Amino acid sequence: MATVLQYQISEAFPSTVGGTSGVLQYFFSNPPQSLWNAGQPGVNTPQQSSQLGQVPSATSSIGMLAFDASAFKLQGARFRLYASGYASTTTGTPTITPVVQIVTPNASTGSIYVSPVYTALLCNVASNATVAGDGVAFTIMGDMYFDPNSGTLSGYQTYAIVQKTGGGAAVTQVPAYFTAVQGLLTGTPAATSFGNALSNPGFGFVAGVTFSAGSTGNSASLTEFKIVQD
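Start counting the sequence shown at 90; every next residue gets the next number (this note's numbering).
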C-alpha cells in the first residue's frame, strides 16, 4: 500500500492536545507554526502556507487532511483512512471520545476552509471511565470508496479504544457498514449522495478528541493520520 495523504506525525513526534478543555480538540500536522523558531539566527521569516502548521478550528478547516476531489485524487477507487493515538489523565475518571470528521463546504459561500461543515464520520464513541495514570490507546480505520460521478462516499469502519490495564476503557466494534449523508453514519450499506459537496471543490478529514471533564492532567496524542491506497 502507498500513502497518498498524511499528517507528518509519528510515535516519536505525535500531535498532542489536552488541558482543561471539555470540548472537541482538533489534532494538527507537524510542525506547528509555533515551533518554526522564526527570528532565531539563520532562520528566515516563515512563508505562510495554507495548510502547513495550521490547527483546524470550528471556523476554519485550514490544516485538515485535504481530499481534493476536483484533482482526481482517489476518484473511483477504494482507499483506507487510519487514525491512531493514545490518551491519559492524571486526575479524575473522564471518558475520551476520539473521532474522525468529514469536512464539507459552507453551503452559503461554497468555501471548504471558512466556516465549513464538520460531521462525525468514524468512531465518535466514548470510552468507559478512564483510570488516572493509565494510558488509553485508540485506533480507527475506514475502508471507503468515493464515486466521482454521483458524489457518494461509502464503506465500513472498525475502531478500538482499549485501556492499558483492566477496569478502565474498553470499547470495540466489528466492521460495520455505513452510509455517509453529509458524513453522518446511518448504519446502512448503500451509498447516499453528497451531491456537489464532495465533487466541487473537494472535501477533507480532521481528527480530534473530547474529554468528558476538563483537567490539567488530560492529554491526547495522535500518532497516525493518513490515507493509503493499493
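Using N, Cα and C, we set each Cβ at its ideal position, and we do this for glycine too. Here the structure is a predicted model, which means the values were calculated and not measured.
Taking C-alpha positions only, phenylalanine 102 is separated from valine 203 by approximately 28 Å.
For glycine 152, same chain residues with a beta-carbon under 7 Å away, outside a window of 5 residues either side, are Phe117, Ser118, Gln140, Gln143, Val144, Pro145 in chain order.
A straight line joining the alpha-carbon of proline 187 with that of cysteine 212 spans about 7 Å. For the 7 Å CB-CB criterion, glycine 181 and alanine 302 form a contact.
Beta-bridge pairing by DSSP links glutamate 313 to Ser173. Rounded to whole angstroms, the separation of the alpha carbons of threonine 179 and asparagine 217 is 16 Å. The residue among Ile201, Ala147, Ser104, Tyr171 with its C-alpha nearest the C-alpha of tyrosine 245 is Tyr171. When DSSP states are grouped into helix, strand and coil, glycine 111 belongs to the coil group.
Valine 192 counts as buried, since at least 16 other C-beta atoms from the protein chains shown sit within 10 angstroms of its C-beta. With respect to the 7 Å criterion, threonine 305 and threonine 109 are classified as neighbours on the basis of their beta carbons. When C-alpha distances from glutamine 252 are compared across Thr198, Arg169, Phe227, the shortest belongs to Phe227. Closest by C-alpha distance to threonine 105, out of Val317, Asp232, Thr312, is Thr312. Residue state for serine 149 is assigned as strand, using DSSP reduced to three classes.
Only residues of its own chain outside the window of five on either side were considered, and among them Arg169, Gly244, Tyr245 have a CB closer than 6 Å to the CB of aspartate 232, listed in chain order.
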